[in-house]
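Working notes for the structure below.
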Amino acid sequence: MSMATITMARDRGAVQVADVRRARRRQNLTGWLFISPIVVGVVAFQFFPILVSMAASLTDWNGIAAPKFVGLKNFTEMFSDDPLFLQTFKNTVYFTLASIPLTIGIGLVLALLCARPIRGVAFFRTAYFAPYVTNVVAIGFVWFWFFQPDNGVINGLLDQLGIHGPQWLSSSSWAMPAVIMVSVWQGIGYPMIILLAGLQGLPAEYFESARIDGAGAWQRLRFITLPLLTPHFLFLLITQFITSFQVFGLIYVMTKGGPGHATSVYIFNIYQNAFSYGKVGYASAMAWILFAVIAAVTYLQWKLQKRWVFYT
8 MSMATITMAR DRGAVQVADV RRARRRQNLT GWLFISPIVV GVVAFQFFPI LVSMAASLTD
68 WNGIAAPKFV GLKNFTEMFS DDPLFLQTFK NTVYFTLASI PLTIGIGLVL ALLCARPIRG
128 VAFFRTAYFA PYVTNVVAIG FVWFWFFQPD NGVINGLLDQ LGIHGPQWLS SSSWAMPAVI
188 MVSVWQGIGY PMIILLAGLQ GLPAEYFESA RIDGAGAWQR LRFITLPLLT PHFLFLLITQ
248 FITSFQVFGL IYVMTKGGPG HATSVYIFNI YQNAFSYGKV GYASAMAWIL FAVIAAVTYL
308 QWKLQKRWVF YT
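Structure representation (structure tokens):
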């Protein structure tokens, strides 16, 4: 092969490589043009507010006047000079620990029932899931009237049974349980759908082998169904914890944090500091504490999964 032929082959290969690179650049540019509106939206409505919140947490700022840098004062004030901070945090923990087991537990029962090939099961699946996708403000208003002590539906039903109903939302003892009941009623549809999908994806041969070995329904549930659903339980624990720790809508509509801060949760406290008291800097610092707590608990849940989650 002559030297000229080799040179021409090299030039032709270089041209082809350059053409491929130009085509890839055009493809990449086209892709970036398509996703640019989403990127701009994420930067404008997520990343930028995060940076503003981080900066505001170090300032004394009411959202209007020029912010005054105070360093870590907002963070130290939470733990030393703000008793409402600790109370709302405790209320949030109470709400979370009470609502998550009930929501997932009832969701599991409904998933087991809806997994059976019975007539009209599609209707029940829709009925159980519908509250989850219903506007939380509408749900809060409806249940607010249901819990009215004098002419509410709940106390009316209790009167029919000869039981004198409590004051519910105006009682410091019953207000939080009432909100938890509504939250569980609204939220059971989500774990039901997740667990139902998990049930429908379980290998049938495991259950057939268990039946051949003489395992009853309870044994199959305990030793096969529940262990195989542990990845779904992990997902639900993480998502339900994040959701419960950020509860706001039902509290705002039904109780406004009352009576006497009995239902004032952490997010509601942030809202009040930012928009009622004009303490935007302090509210931003509270938001970062919330982020740290959620991130730490989520990380802990993820690390502990090795002890109880089974993957097939």
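Counting from 1 along the sequence shown, just add 7 to a position and that's the residue number in the working numbering. We put the beta carbon where it would ideally sit given N, CA and C, even for glycine.
Taking its Cβ as the centre, do 16 or more other Cβ atoms sit within 10 Å of residue i, making it buried, or is it exposed?
| i | result |
| --- | --- |
| Pro-198 | buried |
| Leu-236 | buried |
| Ile-125 | exposed |
| Gln-53 | exposed |
| Tyr-135 | buried |
| Ala-16 | Low per-residue confidence applies at Ala-16: pLDDT is 49, beneath 50, and the placement is therefore not dependable, though the value from the model is reported in the following sentence. Result: exposed. |
| Phe-252 | buried |
| Tyr-318 | exposed |
| Asn-35 | exposed |
| Leu-115 | buried |
| Thr-133 | exposed |
| Leu-286 | Reading the sequence as shown, one finds Lys at residue 286 and not Leu. Buried. |
| Gly-147 | buried |
| Trp-150 | buried |
| Ile-57 | exposed |
| Tyr-306 | exposed |
| Ile-258 | buried |
| Thr-37 | exposed |
For residue i and residue j, I'd like the C-alpha separation in whole angstroms.
| i | j | result |
| --- | --- | --- |
| Asn-158 | Ala-72 | 47 Å |
| Phe-240 | Lys-75 | 46 Å |
| Ile-301 | Arg-123 | 36 Å |
| Leu-117 | Pro-90 | 41 Å |
| Phe-298 | Tyr-273 | 12 Å |
| Glu-215 | Gln-207 | 15 Å |
| Trp-192 | Val-186 | 10 Å |
| Ala-137 | Leu-168 | 29 Å |
| Tyr-278 | Asn-142 | 20 Å |
| Ala-290 | Gly-205 | 40 Å |
| Trp-309 | Phe-102 | 22 Å |
| Ser-43 | Gln-174 | 54 Å |
| Thr-83 | Asn-280 | 16 Å |
| Val-128 | Trp-225 | 22 Å |
| Ile-41 | Ala-30 | The sequence as given places Phe at residue 41; Ile does not occur at that position. Their backbone Cα atoms lie some 17 Å apart in a straight line. |
| Asn-162 | Ile-170 | 8 Å |
| Met-85 | Val-304 | 20 Å |
| Ala-211 | Leu-119 | 15 Å |
| Ala-51 | Val-59 | 11 Å |
| Met-49 | Ile-113 | Residue identity check: residue 49 is Val in the sequence provided, not Met. Distance between the alpha carbons of Val-49 and Ile-113: 36 Å. |
| Leu-233 | Thr-262 | 37 Å |
| Leu-164 | Ser-87 | 46 Å |
Check whether the Cβ atoms of residue i and residue j lie closer than 8 Å to each other.
| i | j | result |
| --- | --- | --- |
| Gly-256 | Trp-68 | no |
| Leu-7 | Ile-111 | In the structure as shown, the chain begins at 8 and stops at 319. Residue 7 is therefore absent and cannot be evaluated. |
| Val-316 | Pro-266 | no |
| Asn-81 | Ala-292 | yes |
| Leu-93 | Val-77 | no |
| Gly-264 | Phe-275 | yes |
| Val-160 | Phe-153 | yes |
Measure the beta-carbon distance from residue i to residue j and round it to whole angstroms, keeping in mind my assumption that it falls under 8 Å.
| i | j | result |
| --- | --- | --- |
| Ser-190 | Ser-106 | 5 Å |
| Tyr-213 | Ile-200 | Contact doesn't hold; Cβ gap of about 22 Å is too wide. |
| Ala-182 | Thr-270 | 5 Å |
| Leu-130 | Cys-121 | Leu is not the amino acid found at residue 130; the sequence shown has Phe there. Phe-130 to Cys-121, Cβ: 10 Å. No contact. |
| Tyr-139 | Gly-221 | With 8 Å as the limit, Tyr-139 and Gly-221 do not qualify as a contact, their Cβ atoms being about 39 Å apart. |
| Ala-217 | Arg-227 | 5 Å |
Which residue's Cα is closest to the Cα of residue i: the options?
| i | options | result |
| --- | --- | --- |
| Leu-176 | Val-260, Gly-285, Thr-37 and Gln-34 | Val-260 |
| Gln-247 | Ile-296, Gly-196, Ile-231 and Phe-52 | Gly-196 |
| Trp-295 | Val-144, Ala-134, Ala-62 and Pro-90 | Ala-62 |
| Gln-312 | Asn-276, Ile-245 and Asn-280 | Ile-245 |
| Ser-178 | Pro-156, Val-100 and Leu-233 | Pro-156 |
| Met-188 | Pro-108, Pro-234 and Phe-41 | Pro-108 |
| Thr-250 | His-171, Val-100, Pro-210 and Leu-58 | Val-100 |
| Val-254 | Gly-223, Ala-51 and Leu-104 | Leu-104 |
| Tyr-284 | Ile-219, Leu-209, Gly-70 and Leu-164 | Gly-70 |
Does any residue of chain B bring its CB to less than 8 Å from the CB of residue i?
| i | result |
| --- | --- |
| Val-77 | Absent from the structure: chain B. Only one protein chain is present. |
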